Amino acid sequence: MIWNETIECASREEMRRIQSERLVETVQRIYHSVPTYRHKMQEAGLTPSDIRGIDDLSRLPFTTKQDLRDSYPFGMFTVPMSEIVRVHASSGTTGKPTVVGYTRKDLNTWAEVVTRTLVMAGVHRNDIVQVAYGYGLFTGGLGMHYGTENLGATVIPISGGNTQKQIQLMQDLGSTVIACTPSYALHLAEVIKDMGLSGDDLKLRIGIFGAEPWSENMRREIESKLKLRAIDIYGLSEVIGPGVSCECEFQCGMHVNEDHFVPEIIDPETLLPVAPGERGELVFTTITKEGIPLIRYRTRDLTRLDYTKCSCGRTLVRMEKCTGRSDDMLIIRGVNVFPSQIESVLLDMSETEPHYLLIVEREGNLDTLKLMVEVQEQFFSDEIKALEALRRKITHNIQSTLGVSVEVKLVEPRTIERTAGKAKRVIDNRKI
Amino acid sequence: MIVRQVSVFLENKTGRLNEVAKILGEAGVNISAFSIADTSDFGVLRMIVPDPGKAVEVLRASYFSVQTTPVVLVTSPNQPGSLARLLSILSTENIFIEYIYAFSMNEDSAVIVIRPSDIEGCVGVLDRYREELGVGPGGFQV
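Shown next as C-alpha cells:
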C-alpha cells in the first residue's frame, strides 16, 4: 500500500514543479523574517526574486548547526512564539541544545511523513506499534507516536528502556511492530533469549530502526533473532525528526519525503554539488516547514542519492544507508556525542588543556563509552578519596552534558598517544 | 617533625612502581620509606625521601604527576602497645588521620608517618604528650 500515491509516485517533472513552487515561497518567507538568512543571502548577492525554482537551490547559502547554536534558542524561528505549539531539542556541543519549534501545521506535516514511512515499511492500521524510542525532547518517541495514530494503528507509548517490561508487553499485548534503535533491538533479542523465549514466541513482524548507523550484518542478525523485517528510518530533529526518509519493504535505500525535504549531495571539501549518484554530504532544504525552515542544512551524514524508480512503485528519491560523517560526531545509543563536549566539560573543571581519550565499544549489543583522562598535576591529589571524588565529578558532569553514561578511568600523564603533537581523541571499536 | 612527603599518581599496572624506583635510583635519591594506597584502577605512591625537591624534579621530567604533602614524622618505642597509646591520644584530642604508615628503624624505635587533617594541631598534641608517649620529635635521619 502507498499512503499518498499522488506524491509518492509523482513524475520527476511534477515533483520538481511542487518543489519549485514551495522553495520560492519558503525563500520569500525566511528572507523577510529571519535576519540570519537575510544577511547570508545579501552576502551572496541574492534577493528572493533570484530564486525562481528548484534549479536555483544550489545558489543559496548553507546553514550549519553552528548557525542554530548562534541563534539559540529561537533566533531562526520564522513565526512568533504564539504560533509555536511544541519544541524539541537535541544535545549541543557546548552544553546548550539545538532547539526546534513546530507550528500546528508542522506537526501535521510530521505526522503525515511518519505515516508514509510506516506504510512504506509495511505497517497497516491493524498493527500494534510499540514505540520504544525515548519520549521527550528527543524527537524519536513523539514523532513515531503521532505518525502511528495518524495511520490508525495502535500505539504502545512505552518509551525507551525497561527491557523486561518491553518484552512482557510484547507478549501480553501482541505487539506486531517495534520502533527503536537497532542496537536496542539487538539488546531486546538477547534479553528475550535470556528469558527462555525466542522471536517465535512474539508476534513482531516489522521493526523500524533508526537514530544511529547500522550495517547490513546487523540487519540480518536482528531479522533472524526477532523474526521480523528490519526497516531503516532516517531523520534529524533540525529537519523534522524521524520520517525524513525510510526504506520500503524492498529495503533498497530510504525514500526521501522530498515534497517537504529536498535533498542534495555536496562535496564536503569544495561544497559543490557532486555528480549524480556520487557519494558526499547530505544537505536538506525544508520547503513546507513554518516554525524553523532550514535552507541547505548540512547534515554531515555521508550518503548518495538514487533517482531511479523503485520496485515498490514509488518515485521518491532514495538515499543509501549513511556510511559515515563528515565531522567527528559519534552516535551512542541514539544520542549525538561530539568529542568537543567532553573537552569543554574537562576544561571547565581544570582550566587547562585536558588530555583524554574516548573509547567506544559495543559490549553485547549496547554501546559503551569509556573515557580515559590524564591526571595532570592540577587534578592530582595525594588522597585517594579526593581522586575518587574527582572521578565521580567528571563522570557526573560528562553524563549530564552528553545524556549517556560513561565510565571514567584516571590515567597517568603522557599515556594517551599524541600524534604529531595532537592527541587522538576517539577510538571507535564498534563493529557495526 | 613535619617533612614533605612526595606523592606520585600511578596507574594500577605492571611496571609503574619499578619505573619510579628506577628514575629515583638513577638520580641517586634514596627512598627511606613508602606506602601505596590503591583502588582497582589507580594508586598513590607516597614516599619519604631525603631530598624531596630533587625527587619531584626528576619524576616531573618523566611526566609523572607529583605532589608534595606535609606529613608528621614521629619516632616511637618499638614495643607492643605504643601505637595504640599514640592513636588513642590523637583520637581523644580529635585529630583525624587521613592516612598513616610506619616502619621499624631498629629494635628500639619505629618511625610513624601521619597525615592528619590538621597538621599544626597534631604537632601540638604530640608535643604536649611527648613524655607519656615516649615519642621523639622524629629524630630519624631521612
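As they're listed, the protein sequences go chains U and Y.
Mapping of the first sequence onto our numbering: position 169 corresponds to residue 204, and the numbering continues sequentially without gaps.
Mapping of the second sequence onto our numbering: position 99 corresponds to residue 130, and the numbering continues sequentially without gaps.
Cβ coordinates follow ideal geometry from the N, Cα and C atoms, glycine included.
As the structure is a prediction and not an experimental result, all values here were calculated from the model.
- When rounded, the separation of the alpha-carbon atoms in S346 of chain U and T144 of chain U is 26 Å.
- Check the Cα spacing between R146 of chain Y and each of Y:I79, Y:N49 and Y:F73: the tightest is with Y:I79.
- Interface residue (Cβ-Cβ distance to chain Y less than 8 Å): I257 of chain U is not classified as such.
- Residues of the region 53-85 of chain Y with a Cβ closer than 9 Å to any Cβ of chain U, in chain order: A68, D69, T70, D72, F73, G74, V75 and R77.
- Unbroken beta strand (DSSP E) runs of no fewer than 3 residues, entirely contained in the region 127-195 of chain U, are found at 133-138, 163-166 and 189-191, following chain order.
- Taking 8 Å as the CB threshold, Q98 of chain Y lines the interface with chain U.
- Flagged as an interface residue toward chain Y: V410 of chain U, by a C-beta distance shorter than 8 Å.
- Rounded to whole angstroms, the separation of the alpha carbons of I462 of chain U and L393 of chain U is 6 Å.
- Take V154 of chain U, set aside five residues on each side of it, and the residues of its chain with a beta-carbon closer than 6 Å to its own are M36 and W38, in chain order.
- Within the same chain, Cβ atoms closer than 7 Å to the Cβ of I126 of chain Y are found at P147, D149, G152, C153 and V156, the five residues on either side in sequence being excluded.
- Taking C-beta atoms as the reference points, Q201 of chain U and L223 of chain U count as a pair closer than 8 Å.
- Following the DSSP letters along the chain, one finds L445 of chain U inside the beta strand (DSSP E) bounded by residues E442 to V446.
- In terms of Cβ geometry, V164 of chain U and V212 of chain U form a close pair [threshold 8 Å].
- Contact between the region 166-183 of chain U and the region 265-276 of chain U is established, with three or more Cβ pairs separated by less than 8 Å.
- Cβ-Cβ distances below 7 Å link R57 of chain U to I322 and T323 in the same chain, with the five nearest sequence neighbours on each side left out; the list follows chain order.
- As computed with DSSP, V75 of chain Y is found in a beta bridge with Y:F40 and Y:A68.
- V297 of chain U and Q98 of chain Y have their C-alpha atoms some 59 Å from each other.
- Look at C281 of chain U here: in three-state DSSP terms it is strand.
- Against chain Y, the beta carbon of I394 of chain U has no neighbour under 9 Å; the closest one sits roughly 14 Å away.
- Here H180 of chain U is buried. Its C-beta has 16 or more other C-beta atoms within 10 Å.
- Chain-ordered, the chain Y residues with CB closer than 8 Å to the CB of R449 of chain U read Y94.
- The three-state reading of DSSP puts S272 of chain U in coil, since its state is none of H, G, I, E or B.
- Annotation: N137 of chain Y is outside any beta strand (DSSP E) and is labelled neither H nor E by DSSP.
- Between I128 of chain Y and L117 of chain Y, the C-beta spacing is not below 8 Å.
- Annotation: N400 of chain U to F40 of chain Y spans about 35 Å, alpha carbon to alpha carbon.
- With a threshold of 16 other beta carbon atoms within 10 Å, H74 of chain U falls short and is exposed.
- Shortest Cα-Cα distance from K53 of chain Y to any of Y:N43, Y:A64, Y:Y160 and Y:V89 involves Y:V89.
- Going by DSSP, P108 of chain Y is part of the beta strand (DSSP E) stretching over V97 to P108.
- Rounded to whole angstroms, the gap between the alpha carbons of K356 of chain U and T450 of chain U is 37 Å.
- Here D363 of chain U is exposed, its C-beta having fewer than 16 other C-beta atoms within 10 Å.
- Of all residues in the region 418-451 of chain U, those with a C-beta nearer than 9 Å to a C-beta of chain Y are E418, I419, K420, L422, E423, R426, K444, L445, V446, E447, P448, R449 and T450, reading in chain order.
- In summary, G56 of chain Y is exposed, with fewer than 16 beta-carbon neighbours lying within 10 Å of its beta-carbon over all protein chains present.
- For T61 of chain U, the CB contacts under 6 Å within the same chain, skipping 5 residues up- and downstream, are I322 and P328 in chain order.
- For C215 of chain U, the enclosing beta strand (DSSP E) covers residues V212 to C215.
- Fewer than three beta-carbon pairs drawn from the region 332-339 of chain U and the region 397-413 of chain U are found closer than 8 Å, and the two stretches are therefore not classed as touching.
- The residue from U:K466, U:T320 and U:E442 with its alpha-carbon nearest to that of R94 of chain U is U:T320.
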